[in-house]
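Just so you know, the sequence shown maps onto residues 284 to 540 in this note's numbering.
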Amino acid sequence: MLWLTNGTAGLAASGVESFSPEQMAQSEVLADKAMAATAAGNLAVAEEYWTEMLDRLPKDAAIWSNRGNVRVSQGKLMAALEDHNQAIALAPSVPDAYVNRGIAFEALGRYPEAIADYNQALSLDPEDPVAYNNRGNAAAGKGDWQAAVADYHTAWELAPNFAFARNNWALALYQTGETKAALTALKNIVRKYPKFADARAALTAALWVEGKMGEAESNWFAAVGLDPRYRDIQWVAEVRRWPPAMVSALDRFLKLK
Numbered sequence: 284m285l286w287l288t289n290g291t292a293g294l295a296a297s298g299v300e301s302f303s304p305e306q307m308a309q310s311e312v313l314a315d316k317a318m319a320a321t322a323a324g325n326l327a328v329a330e331e332y333w334t335e336m337l338d339r340l341p342k343d344a345a346i347w348s349n350r351g352n353v354r355v356s357q358g359k360l361m362a363a364l365e366d367h368n369q370a371i372a373l374a375p376s377v378p379d380a381y382v383n384r385g386i387a388f389e390a391l392g393r394y395p396e397a398i399a400d401y402n403q404a405l406s407l408d409p410e411d412p413v414a415y416n417n418r419g420n421a422a423a424g425k426g427d428w429q430a431a432v433a434d435y436h437t438a439w440e441l442a443p444n445f446a447f448a449r450n451n452w453a454l455a456l457y458q459t460g461e462t463k464a465a466l467t468a469l470k471n472i473v474r475k476y477p478k479f480a481d482a483r484a485a486l487t488a489a490l491w492v493e494g495k496m497g498e499a500e501s502n503w504f505a506a507v508g509l510d511p512r513y514r515d516i517q518w519v520a521e522v523r524r525w526p527p528a529m530v531s532a533l534d535r536f537l538k539l540k
């Protein structure tokens, strides 16, 4: 999820000229506090800071988008959508505004609308790896795994260090039946990013199905040491949104089947 601050990535405010340097400095302090609250997991507090900033700068698209992101993280999806609509109305030519609204549509399960927003973002910035990755997520949500594979692949080709996009590509490959290629990709990801819990957990599942139990268990201890949520198959399926085939593989491991 992208975090946009005043003026970042072209989401510039309009009507800011009427504010004094002191008022602008106060708004920057509030933005820093909002970011810090978000980093600490205090999302409700962060939302309050963004709201206070909007009272000062109601025509700043970045602030609307930031508050929308915080609201998505809290599950306030319709309120978030309203914020992102406002951001787009204020900055219709900025790709990030569409990417952020696409995330809200995804959270609502409105995948065609999310894809439309990612398409718009890519029409404005054809080399945005985040938009490609997120469009892959939305395609996966629709069950169009071949489209997801293509978008994830493009995302990590554009940004070779975008580990999550490459991992998503491997997961989508597994779903399409390209299990050997997926396993190779996951091994390469873990080799490069040994503390990447999602890749470790996926590699565990894929290895277990291949009958490589020792390797699977070794990767599992590393995965849950980094992030214990992978013990919860419901979280993996519904929140992390792994592909069904990989969810099934991990479930087999968890049940020692």
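Where is the CB? At the ideal position from N, CA and C, for every residue including glycine.
Q.
Which same chain residues end up closer than 6 Å to Asp510 when comparing Cβ atoms and leaving out the 5 residues on each side of it in sequence?
A. Ala480
Q. What is the rounded straight-line gap between the Cα of Asp427 and the Cα of Ala319?
A. 37 Å
**Q.** Proximal residues to Ala295 (C-beta, below 6 Å), its chain only, five neighbours per side dropped
**A.** Reliability of the predicted coordinates at Ala295 is poor, the pLDDT of 43 falling under 50, and no value is obtained from them.
Q | Presumed contact (8 Å Cβ cut-off) between Gly351 and Asp366, rounded CB distance | A | 3 Å
(Q) Does Asn471 pass the burial test, meaning 16 or more other C-beta atoms within 10 Å, or should it be called exposed? (A) exposed
Q. For Gly460, is the classification buried or exposed, using 16 other Cβ atoms within 10 angstroms of its Cβ as the cut-off for buried?
A. exposed
Q. Just how far apart, CA to CA, sit Lys370 and Glu389?
A. At residue 370 the sequence reads Ala, which differs from the Lys that was named. When rounded, the distance between both Cα atoms is 17 Å.
Q: Could you pull the start and end residues of the alpha helix (DSSP H) that Glu498 belongs to?
A: Met496 to Leu509
Q. Which full runs of the alpha helix (DSSP H) of 4+ residues lie inside the region 340-412, going along the chain?
A. 344-356, 360-373, 378-390 and 394-407
Q | Val507 versus Thr487 - alpha carbon distance | A | 11 Å
Q.
Using the Cβ count rule (16 or more neighbours within 10 Å means buried), how would you classify Pro526?
A. buried
Q. Ordered along the chain, which non-local residues of its own chain (more than five positions away) have a Cβ less than 6 Å from that of Gly424?
A. Tyr394
Q.
For Trp518, report the span of its alpha helix (DSSP H) as first-last.
A. Ile516 to Glu521
(Q) Output needed for Arg535: all residues of its chain with C-beta closer than 7 Å, excluding positions within five of it in sequence on either side, in chain order. (A) Trp491 and Val492
Q | Proximity to Ser356 [Cα-Cα], best of Glu311, Tyr457, Leu391 and Leu337 | A | Leu391
Q.
Which residue marks the beginning of the alpha helix (DSSP H) containing Lys478, and which one marks its end?
A. Run containing Lys478: none; DSSP gives neither H nor E here.
Q: Count the other CB atoms, across all protein chains shown, that sit within 10 Å of the CB of Phe445; report buried if there are 16 or more and exposed otherwise.
A: buried
(Q) Since Asp434 and Asn416 should fall inside the 8 Å C-beta cutoff, what is the C-beta to C-beta distance between them, to a whole number of angstroms? (A) 7 Å
**Q.** Environment of Gly494 [buried if 16+ CB atoms lie within 10 Å]
**A.** exposed
Q: Name the two residues that bound the continuous alpha helix (DSSP H) containing Leu539.
A: Note, Leu539: premise wrong, no alpha helix (DSSP H); not H, not E.
Q: Answer with buried or exposed for Glu330, where buried requires no fewer than 16 other C-beta atoms within 10 angstroms of its C-beta.
A: buried
Q) What whole-angstrom Cβ distance do Val473 and Ala464 have, given they're in contact under 8 Å? A) Their Cβ separation, rounded to whole angstroms, is 15 Å, which puts Val473 and Ala464 out of contact at 8 Å.
(Q) Looking at Leu456: is its Cβ nearer than 8 Å to the Cβ of Ala489? (A) no
Q. In angstroms, rounded to a whole number, what distance separates the CA positions of Lys540 and Leu533?
A. 10 Å
Q. From the beta carbon of Ala489, is the nearest beta carbon of chain B less than 8 Å away?
A. Although the question refers to chain B, the structure presented lacks it and comprises just one protein chain.
**Q.** Boundaries of the alpha helix (DSSP H) in which Trp525 is found, first to last residue
**A.** From DSSP, Trp525 is part of no alpha helix (DSSP H); its letter is neither H nor E.
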